Amino acid sequence: MSAADPAAPRRPARAESPLREAWVMFRRNRPAMAGLALLVLIILATLYGALLYGGDPYEIVWAPHEPPGATPEFPLGTDYLGRDIVAGLLTGGGPTLAVGAAAALLTMLIGVTIGALAGYFGGAIDNLLMRFTEFFQVLPALLFAMVLVTLFSPSLTMIAIAIGLVSWPQTARLTRAEFLKIRKLEYVTAARAIGARDGRIMWRVILPNALPPLIVSATLTIGVAILFEAGLSFLGLGDPNTMSWGLMIGANRAYILSAWWPVTFPGLAIFLTVFAVSLVGDGLNDAFNPKLRER
Amino acid sequence: MAGYLLRRLAYGLLLMAGVVILNFFLIRLAPGDPAEVIAGDMGGATAEVLAAIRADYGLDQPLLVQLGRYLGAMMQGDLGESYFFNRPVAELIGARIGPTILLVLAAQVISITIGVAMGVMAARKPNGVLSGAVSVVATIGYAVPVFWMGIMLIILFASIIPIFPVEGMADIRLRNEGWLERMIDILHHLALPAFSLAVIFLAIYARLSRASMLDVLGADYVRTARAKGASERSVLFRHALRNAALPVITVAGLQFGGLLSGALLVETVFNWPGMGTLAFDAILRRDYTLLLGVLFCAAAMVVIANIVTDLAYRLADPRLRGET
Amino acid sequence: MALLEIDELKVTFRTRHGPVTALDGVSLRVEAGETLGIVGESGCGKSITALSVMGLVPSPPGNIAGGAIRLAGEDLVGASPRRLRKLRGSEIAMIFQEPMTSLNPVFTAGDQIAEAIMLHQNVSRAEALTRAVALLDRVGIPEARRRAEDYPHQLSGGMRQRVMIAMAVSCQPKVLIADEPTTALDVTVQAQIFDLLNDLQRETGAAIMLITHDMGAIAEMADRVAVMYAGRVIEEGRADDILDHPKHPYTRGLIACIPNVGKGEGGEPPPLAEIPGVVPPLHLLGAGCAFRERCGSAFDRCAAERPRLLGPAAHPAACHAVEEGRP
Amino acid sequence: MNALLEAKGLTVRFPMPKRNPFAKRDFLEAVRGVDFALAEGRTLGIVGESGSGKTTAAMAAIRLTGPATGEVRFRGEDLLALGPEEMRLRRRDLQVIFQDPYSSLNPRDRVSHIVREPLDLLGVGDDASRDARVEELFSLVGLRRDQLPLFPHQFSGGQRQRISIARALATNPKLIVCDEPVSALDVAIQAQILNLLVRLQGEFGLSYLFISHDLGVIRQICQDVAVMYLGRIVEQAPRAALFSRPLHPYTQALLAAAPSLARRKSAGYQRPAKLKGDPPSPINPPPGCAFAERCPKAQAKCREERPRLAPDGDSLVACWFPG
């Protein structure tokens with residue numbers, strides 16, 4: 000509303016950095032903090048859980064399809080070969096998370112670079128880069144990733160690269176839109192007027208101001224990449240030598256009608272991870288939104 | 000409008016040519032002899048077969064000539080020969096494309112209608128219970144792996160409440176019944192796959208239309224409508240919804256590729272006889288010609304969906320209608 | 000009884016600084032055929048006053064906490080939403096500041112005017128559209144029939160504001176509220192809109208409440224003026240009295256600080272008078288006069304006690320210095 | 000006249016997106032062959048309505064919008080002919096104050112950094128002297144030292160405009176382009192900023208190229224005034240001449256339209272020169288006088304042949320039937 004002019008500080012005021020304000024907002028957001036806590040917990044479990052638990056996820060340790068709770072040694076039961084599901088969950092999270100993070104990083108790298116160049120320079124460069132982006136958007140992401148992994152090697156690196164290669168267009172479009180919007184603002188012209196060169200304007204003036212939506216999108220991209228990795232592994236396109244949550248679901252899916260647990264728990268793990276990531280992403284989105292800050 | 004459509008179609012063809020060129024180089028960039036790559040996992044392709052492939056594809060000719068031949072063939076609808084099924088790829092895909100379109104469209108319609116309805120209801124009271132529920136559903140929907148969703152539904156409906164078939168597209172026992180019975184049977188089979196796919200996208204549309212609606216409800220022209228004395232109902236459905244729908248149309252277009260990807264996974268879970276199961280078979284057999292054919296057709300579907308979306312957007316937004 | 004009476008209106012807003020009082024005991028009246036100018040800087044509460052009369056204060060966070068608004072004797076603050084809808088657009092209408100965003104982009108100009116007519120009068124759509132074209136013609140849009148089929152984006156800013164005016168006067172309202180109707184427009188277009196509003200008033204005898212920050216607009220448009228500062232009316236009177244003999248130090252400063260094309264001829268103009276400082280934020284208003292920190296005539300009483308609107312009924316001011324006859 | 004900045008035939012046209020690949024490309028002709036000269040230590044005002052090209056002309060003159068053709072001489076040197084790096088270094092002498100106090104300061108930087116940045120980028124002084132300069136500038140524009148570490152959103156509109164002024168002053172420029180510097184401010188604050196600009200001009204011998212749509216503001220601060228309409232200067236005159244004897248019908252209409260305390264409803268004021276309609280589109284503008292469609296005096300000749308800027312007393316006016 001047209002309330003009073005933003006306060007004119009009378010006494011020496013404390014400097015309120017926009018980033019710190021966002022963090023204050025984030026901390027007040029309970030679902031987001033819960034998501035962050037859950038995410039930290041999952042990361043810790045995948046990093047150190049297997050070490051503490053000590054089981055070998057590949058070793059056949061018991062009869063197949065032991066239901067959860069029946070044997071105290073294997074609280075979540077065993078799979079179709081008689082392998083311990085808890086050990087699988089603790090070991091299989093690492094590759095999933097690593098691929099998710101690496102793919103998200105690659106996505107941001109490609110997407111932000113292309114989007115920034117297109118949005119900043121405009122004209123023919125923009126035209127060319129956006130046609131290129133549209134071309135990549137025409138390819139259904141999962142199918143294209145499947146093709147890449149099938150044709151090349153099903154290693155974790157290749158999977159991360161494939162996911163990165165299919166996910167960047169959205170980031171590029173978002174970055175471009177932000178750059179186009181910010182480029183028109185007077186502080187960008189002001190930067191040029193005081194002698195800033197193109198590179199400085201792009202990376203030191205526009206990018207920091209475009210970051211909030213990009214950070215949110217990066218967070219959500221991690222979630223999407225985890226789902227992608229799970230999907231590929233589920234189809235049997237993952238690295239066959241590495242335990243992962245998607246692989247556990249794929250390997251056990253033939254027996255779902257006789258044993259529900261070997262597919263349910265890994266799926267739940269994926270769900271909780273992505274859920275935590277998206278809670279954090281939503282929280283960041285709200286924290287960066289100045290409209291909500293006034294409440 | 001017609002001029003616009005023509006240009007849009009020409010651009011679509013250009014994009015498809017791009018896909019063909021990409022396919023061409025993918026085969027050649029893959030490790031190993033292209034002929035062997037094309038032959039795939041046929042169980043030790045014989046020298047004769049490899050020679051036949053080389054002759055067929057002109058692999059002994061310069062790269063540009065090969066590309067020209069490939070482009071020409073693809074644009075005429077010749078997607079090559081599947082070495083596993085021993086049939087033209089175009090024919091194989093032709094048999095499977097219908098079920099995929101059915102699944103994708105069903106999921107699209109369900110997710111948009113229910114999603115937008117949820118979003119609009121949530122936007123009426125942004126701090127209400129319903130609004131919170133929509134946020135929760137949206138976050139969950141975003142986080143569930145679509146294939147796992149399908150599996151959970153199978154477990155639920157196969158063993159606990161067996162009211163929906165969990166596999167395939169039609170019951171062969173009904174093969175000789177009338178068309179109505181068969182159609183009802185197909186819809187019956189469609190329920191679970193379409194629902195699992197729709198849940199994910201429903202979440203996207205619910206969240207998007209809630210945000211878009213809230214945005215529009217704060218707009219000056221909504222205040223104008225209220226100042227005229229319009230009722231809340233008219234404000235919501237006449238003035239706000241049409242504007243709030245614009246971003247939904249955009250996203251529906253952008254998400255089509257994602258929907259197809261999701262359909263691929265759902266098809267393999269439910270054994271739905273579409274392009275997804277075909278692609279899955281192609282991967283299992285390392286039948287690259289078939290796999291790339293599926294990629295080509297899927298891309299074509301996305302191109303067409305994008306054109307339809309653009310046209311829909313132009314109809315919905317008068318600001319774009321004047322442009323040719 | 001005046002046509003529109005606002006009596007001790009109090010409006011509060013929830014903010015992150017806690018509840019603030021955006022309007023604090025505002026009393027105004029407007030007679031038929033008269034233009035009341037409400038003038039003040041951003042944040043003084045002039046737009047909230049207008050929205051309160053329309054029953055359009057966004058709630059939450061806003062809330063009418065007390066007072067009354069009476070249209071021809073009928074109380075609007077306690078009226079049912081249904082009754083308010085009935086009055087809005089037919090008895091009281093409003094023109095907004097931003098013609099670019101105040102029209103719905105997906106409907107034609109004619110449709111939007113016709114909608115206003117059909118909401119309050121029992122006419123067919125065809126009849127409403129015919130009337131809409133006539134209204135467009137009346138507000139000075141050339142080729143009205145063709146323009147009625149245009150969408151807002153096909154119209155210039157000035158034309159959009161004319162469409163808004165046509166919509167507002169479509170049901171011959173008794174009160175027309177114009178909230179900074181020309182701020183977003185070029186001066187030559189602003190002049191056209193002012194002339195149009197004056198003509199329409201002469202024709203229909205409507206009361207106009209003109210919200211503005213521009214003393215020049217007040218001079219050209221208003222019969223009477225209320226000057227607002229920090230949520231209160233601090234001076235009120237006939238336009239000539241306020242412009243020629245302002246009492247409140249704030250009004251005096253506001254008039255003196257305007258660079259004016261009409262002041263003298265050519266030559267080097269003297270430096271402008273200044274009002275130092277800025278409007279204090281509403282949540283930091285203390286007990287005393289809200290203007291005291293910017294005021295050259297402030298004395299100890301100003302910090303202790305909030306001045307009330309006192310003096311002759313035709314030209315009261317809320318200032319201790321004026322009340323005590325200090326310089 | 001000793002001109003600090005002199006523009007000759009300054010032209011800016013922006014290509015419009017083609018309606019289809021075979022159509023002829025349309026151009027938005029923002030500025031069409033504009034000449035003006037700004038003398039050292041003086042203020043030249045450019046006044047006009049939206050779409051008149053006033054801001055584009057000024058920004059093109061100091062190469063903050065492009066692509067401009069013609070000639071812009073700053074102390075005799077053609078700015079439009081300079082290479083990018085040469086131009087960048089020349090910005091030490093050419094600064095800008097922007098219109099919107101909310102978007103002209105980078106929200107992620109502390110205001111001390113904002114004011115110091117020109118010194119860093121253009122290599123003025125050493126580290127310690129730069130810090131001292133920033134403090135000096137702060138007190139010069141009426142801000143307090145303890146406000147240095149704050150962020151822009153912690154200031155009011157008027158204070159932000161003071162920061163903008165401090166930034167423009169940092170490198171001791173010769174010329175400052177003021178692009179509607181007070182139009183986003185409340186009147187009380189507007190007077191503060193205008194008086195500050197006048198004071199600084201006297202103190203440092205600055206020259207201002209002052210863009211505004213408000214004739215009152217222009218009259219208050221500019222010694223010379225150019226009136227623009229649809230990309231061209233239609234009248235140019237010293238302040239006294241322009242306000243006492245406007246010659247171009249458009250200038251007359253502008254003056255008649257500008258709200259004034261002297262024009263009272265109570266006295267039955269009726270506007271003498273009424274203008275109809277809106278300015279025509281700058282895309283493919285008409286061949287004759289651009290104002291002809293709205294001009295009460297227009298004749299057939301006005302629509303066919305373009306009047307050139309010609310002297311008339313102290314003024315220059317582009318009209319076939321001036322006065």
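Chains A, B, C and D supply the protein sequences, listed in that same order.
According to numbering that gives the first Met the number 0, the first sequence holds residues 0 to 294 in order.
According to numbering that gives the first Met the number 0, the second sequence holds residues 0 to 323 in order.
According to numbering that gives the first Met the number 0, the third sequence holds residues 0 to 326 in order.
According to numbering that gives the first Met the number 0, the fourth sequence holds residues 0 to 322 in order.
Quick reminder that beta carbons are idealized off the backbone N, C-alpha and C, glycines included.
Nothing here was measured: the structure is a model prediction, and the numbers come from that model.
Candidates the options, of which the one nearest residue i by Cα
| i | options | result |
| --- | --- | --- |
| A36/D | A29/D, F150/D, V30/D and I45/D | I45/D |
| T149/A | E166/B, L319/B, A311/B and L291/B | L291/B |
| N1/D | V176/D, Y207/D and G75/D | G75/D |
| T100/C | L264/B, A210/B, V18/B and V215/B | V215/B |
| L50/C | L49/B, I183/B, A226/B and F200/B | A226/B |
| F226/D | S265/D, V133/D, G40/D and L253/D | Here residue 226/D is Val; the residue named in the question, Phe, does not match the sequence. Among S265/D, V133/D, G40/D and L253/D, the Cα nearest to that of V226/D belongs to L253/D. |
| P246/B | V36/B, A205/B and G167/B | A205/B |
| Y327/C | V174/C, L284/C and C256/C | Only positions 0 to 326 of chain C appear in the structure, and residue 327/C is not among them; the question remains open. |
| S243/D | A59/D, G312/D and K173/D | G312/D |
| L12/B | N85/B, N305/B, P164/B and R318/B | N305/B |
Partner residues on chain G for residue i, Cβ-Cβ distance less than 9 Å
| i | result |
| --- | --- |
| N242/B | Among the protein chains in the structure shown, which are A, B, C and D, there is no chain G. |
Three-state secondary structure (DSSP) of residue i
| i | result |
| --- | --- |
| R109/D | coil |
| T250/D | helix |
| S296/C | coil |
| P295/A | In this structure chain A extends from 0 to 294, so residue 295/A is not present and cannot be described. |
| N62/C | strand |
| E273/C | coil |
| G36/C | strand |
| E90/B | helix |
| G177/D | In the sequence as presented, Gly is not what sits at residue 177/D; that position holds Cys. DSSP places C177/D in strand when its eight states are reduced to three. |
| Q158/D | helix |
| K17/D | coil |
| I210/D | strand |
| T42/D | strand |
Local Cβ density within 10 Å of residue i, reported as buried at 16 or more and exposed below that
| i | result |
| --- | --- |
| P311/C | exposed |
| S216/A | buried |
| F97/D | buried |
| T156/A | exposed |
| G280/A | buried |
Whether residue i touches residue j by CB criterion (9 Å)
| i | j | result |
| --- | --- | --- |
| G157/D | P100/D | yes |
| P98/C | N242/B | no |
| A51/B | A137/B | no |
| R130/C | I140/C | no |
| V25/C | L2/C | no |
| V181/D | I192/D | yes |
| A258/A | D83/A | no |
| V268/B | P192/B | yes |
| A103/A | A14/A | no |
| T106/A | T241/A | no |
Query raised in the report: Which full runs of the beta strand (DSSP E) of 3+ residues lie inside the stretch 67-141 of chain D, going along the chain?
Result: 67-73 and 93-96
Query - Runs of beta strand (DSSP E) lying entirely within the stretch 171-240 of chain C, each at least 3 residues, in chain order - result: 174-178, 206-211, 223-228 and 231-237
Report task. Write down every uninterrupted run of the alpha helix (DSSP H) in the stretch 112-162 of chain A whose length is 4 residues or greater and which is fully enclosed by it, in chain order. Result -> 122-137 and 140-150
Requested in this report: Could you name each continuous beta strand (DSSP E) segment of 3 residues or more that falls completely within the stretch 77-112 of chain A, going from the start of the chain to the end?
Outcome: none
Requested in this report: Please list the segments of the alpha helix (DSSP H) lying wholly inside the stretch 28-104 of chain B, counting only runs of 4 or more residues, in order along the chain.
Outcome: 33-38, 46-56 and 62-74
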